[in-house]
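Undergrad:
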Amino acid sequence: MFAPFLVLLNAWFEKAERKRREALLASSEDIYELEERIRTYDKNGWNSR
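Residue numbers for the sequence shown follow the UniProt record's numbering, so the first one is 1 and each next one is one higher.
1) Return the Cβ separation of residue 37 and residue 28 in integer angstroms, given the expectation that the two are a contact with Cβ distance under 8 Å.
2) Along the chain, where does the alpha helix (DSSP H) containing residue 44 start, and where does it finish?
3) Helix, strand or coil for residue 47? Go by DSSP, reduced to three states.
4) Sorry if obvious, but does the Cβ on residue 46 come closer than 6 Å to a heavy atom of the ligand COA?
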């Protein structure tokens, strides 16, 4: 009964998180800053902002 709702809710949260990450990376000033952000977040995890 609640399983379909939880699946939809999870999909919504994943989409919101993906948009947040894309916005963060898109706000980089240049390719070097972009690469540094990617390395930092890959190393420390995407949730440790």
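Built from N, CA and C at the ideal position, the CB exists for glycine as well.
TA: So, to answer that:
1) Between residue 37 and residue 28 a beta carbon distance of about 6 Å is seen, short of the 8 Å cut, so the two are scored as contacting.
2) 31-44
3) coil
4) Among the components of this structure there are no ligands whatsoever, and the ligand COA is therefore not found.
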